[in-house]
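Engineer:
There are 2 protein chains.
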Amino acid sequence: MTKLQSHGREPFETVDRAPEAQAEGFATVRQAHESEMAEDYVELIAELIETRGEARPVEIAERLGVKPPTVTKNISRLKAAGLVRREPYRAIFLTDSGQELAEACRQRHRIVVAFLCSLGIDEETAERDAEGIEHHVSKTTLEAFGQALKQSWRHE
Amino acid sequence: MTKLQSHGREPFETVDRAPEAQAEGFATVRQAHESEMAEDYVELIAELIETRGEARPVEIAERLGVKPPTVTKNISRLKAAGLVRREPYRAIFLTDSGQELAEACRQRHRIVVAFLCSLGIDEETAERDAEGIEHHVSKTTLEAFGQALKQSWRHE
DNA sequence: TAGATAAGTTAGCCATGTCTAACTTTTGTC
DNA sequence: GACAAAAGTTAGACATGGCTAACTTATCTA
Ligand SMILES: [Mn+2]
Ligand SMILES: [Mn+2]
Ligand SMILES: [Mn+2]
Ligand SMILES: [Mn+2]
Numbered sequence: 001m002t003k004l005q006s007h008g009r010e011p012f013e014t015v016d017r018a019p020e021a022q023a024e025g026f027a028t029v030r031q032a033h034e035s036e037m038a039e040d041y042v043e044l045i046a047e048l049i050e051t052r053g054e055a056r057p058v059e060i061a062e063r064l065g066v067k068p069p070t071v072t073k074n075i076s077r078l079k080a081a082g083l084v085r086r087e088p089y090r091a092i093f094l095t096d097s098g099q100e101l102a103e104a105c106r107q108r109h110r111i112v113v114a115f116l117c118s119l120g121i122d123e124e125t126a127e128r129d130a131e132g133i134e135h136h137v138s139k140t141t142l143e144a145f146g147q148a149l150k151q152s153w154r155h156e
Numbered sequence: 001m002t003k004l005q006s007h008g009r010e011p012f013e014t015v016d017r018a019p020e021a022q023a024e025g026f027a028t029v030r031q032a033h034e035s036e037m038a039e040d041y042v043e044l045i046a047e048l049i050e051t052r053g054e055a056r057p058v059e060i061a062e063r064l065g066v067k068p069p070t071v072t073k074n075i076s077r078l079k080a081a082g083l084v085r086r087e088p089y090r091a092i093f094l095t096d097s098g099q100e101l102a103e104a105c106r107q108r109h110r111i112v113v114a115f116l117c118s119l120g121i122d123e124e125t126a127e128r129d130a131e132g133i134e135h136h137v138s139k140t141t142l143e144a145f146g147q148a149l150k151q152s153w154r155h156e
């Protein structure tokens, strides 16, 4: 497992990690990348349903900054994954499982954004960075963000 | 317009962003993904040169948790990108530009890890999450992390 | 209600990053 | 110095997530 624990809090020292531990870290990142598309889509679909009444491919494409055929293809993947329900040329709905994932993602997204803002980062930057960071935040880290956030409210 | 969460338990609000701003955020994430492979490789190569004297494909593969052919292919991409210098069957070296990128990445990695640890997150988790998070941390956010870190030293 | 416009899909292309199988080169050992 | 083992490469496959061009379907409007 770990080799050198820095007791003295020197933060700029490179920790010599075991090769397997390091590999496990990279594997975790690759796994996160695999769920990223699904997470961003269901999150966005939930938001569109809430704010616009329905989720249309053209809106999804606009908000994601991709072209409509990309959305068609990815939605069909989400459908295959059981996250989405829909018929051709119609609006998109979330399955129960999709709804559940969407809620978890929205919650996580909001916490990450709020946490970054609590560090004094402007909202635009916080949103931009959070869009990527969110997919790599473990349960442990998300909880730590939540705790730090509470502290920041106390001290303001 | 913003919406409040129904339960009142979570005081985070979903910000209704302009579609173009949101799209710009996703585009930033996609861009980050494009540089991710290069960043992880040069960072690792620099570490191996420092700690093991040289960077060999077999070590790189082991630490990244991928198979040797993957490393061969990616190293040739890095070479095409001018980040790496090497001859077949020999060890891998960084060009000046590769060296520069590696240093920036190592620095960023260390700051992210130290910052997460400063929130009370265990080192193993911090390393794992940082491996993904690092690629999505803007200059602004990295600076905020550095500032927060300084504060945490003061208060310990 | 016909025709125009907008929305959505299909087909086919491409780059990335992973893999296995098979081959080549280098290194180590006797 | 020969040969076995280890390291490295090559070839070819595959999944993902982008794209354009061309087609189909739905919606709007005169
Ligand atoms: Mn995201
Ligand atoms: Mn998000
Ligand atoms: Mn990384
Ligand atoms: Mn790293």
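Line order of the protein sequences matches chains A and B. Note that UniProt numbering gives residue 126 to position 126 of the first sequence, counting from 1, and the numbers run on in steps of one. Note that UniProt numbering gives residue 95 to position 95 of the second sequence, counting from 1, and the numbers run on in steps of one. By construction, the Cβ of each residue, glycine as well, lies at the ideal position given by its N, Cα and C atoms.
For chain A, check one thing: does any of its Cβ atoms lie closer than 7 Å to the Cβ of B:GLU143?
Structural biologist: Chain A, which has no Cβ nearer than 7 Å to the Cβ of B:GLU143, makes this no.
Engineer: Looking only at its chain, what residues have a beta carbon closer than 7 Å to the beta carbon of B:ILE49, apart from the 5 residues adjacent to it on each side?
Structural biologist: Once the five neighbours on either side are set aside, the close Cβ partners of B:ILE49 are ALA55.
Engineer: Give a yes or no on whether 7 Å exceeds the smallest Cβ distance from A:PRO69 to chain B.
Structural biologist: It does not: the Cβ of A:PRO69 has no partner Cβ on chain B nearer than 7 Å.
Engineer: Which residues does DSSP pair with A:PHE93 in a beta bridge?
Structural biologist: Answer is A:ARG85, bridged to A:PHE93.
Engineer: Can you list, in chain order, the residues of its chain whose CB lies under 7 Å from that of B:ARG154, leaving out five sequence neighbours each side?
Structural biologist: Nothing meets the Cβ criterion.
Engineer: Specify the secondary structure class of B:SER152 as computed by DSSP and reduced to three states.
Structural biologist: The answer is helix: DSSP assigns B:SER152 an H, G or I state.
Engineer: Opposite B:ALA55 in the DSSP bridges: which residues?
Structural biologist: Note: B:ALA55 sits in a beta bridge opposite B:ILE92.
Engineer: Is B:THR125 helix, strand or coil by DSSP?
Structural biologist: Residue state, collapsed to three classes: helix.
Engineer: Mapping the DSSP letters down to three states, classify B:THR14 as helix, strand or coil.
Structural biologist: B:THR14: strand per DSSP, three-state reduction.
Engineer: I want to verify the contact list: residues of chain A whose CB lies under 9 Å from the CB of B:GLY53, in sequence order.
Structural biologist: Residues of chain A passing the Cβ test: none, with the nearest at roughly 14 Å.
Engineer: Compare the Cα-Cα distances from B:PRO88 to each of B:PRO57, B:SER118, B:ALA23, B:GLU134 and report the closest residue.
Structural biologist: B:PRO88 has its Cα closest to that of B:PRO57, out of B:PRO57, B:SER118, B:ALA23, B:GLU134.
Engineer: Check A:VAL42 in the structure and name its three-state DSSP category.
Structural biologist: DSSP places A:VAL42 in helix when its eight states are reduced to three.
Engineer: Is any beta-carbon of chain A found at less than 7 Å from that of B:PRO19?
Structural biologist: Yes, contact with chain A.
Engineer: I'd like to know whether the C-beta of A:GLY8 is nearer than 7 Å to at least one C-beta of chain B.
Structural biologist: Annotation note: pLDDT 38 at A:GLY8 (below 50); position unreliable, no value reported.
Engineer: Give the residues of chain B in contact with A:ILE121, contact being defined as C-beta atoms less than 7 Å apart.
Structural biologist: Those are THR140, THR141, ALA144, listed as they occur along chain B.
Engineer: Three or more beta-carbon pairs under 8 Å between the segment 72–84 of chain B and the segment 125–142 of chain B, yes or no?
Structural biologist: No, because fewer than three Cβ pairs between the segment 72–84 of chain B and the segment 125–142 of chain B fall closer than 8 Å, the two stretches do not touch.
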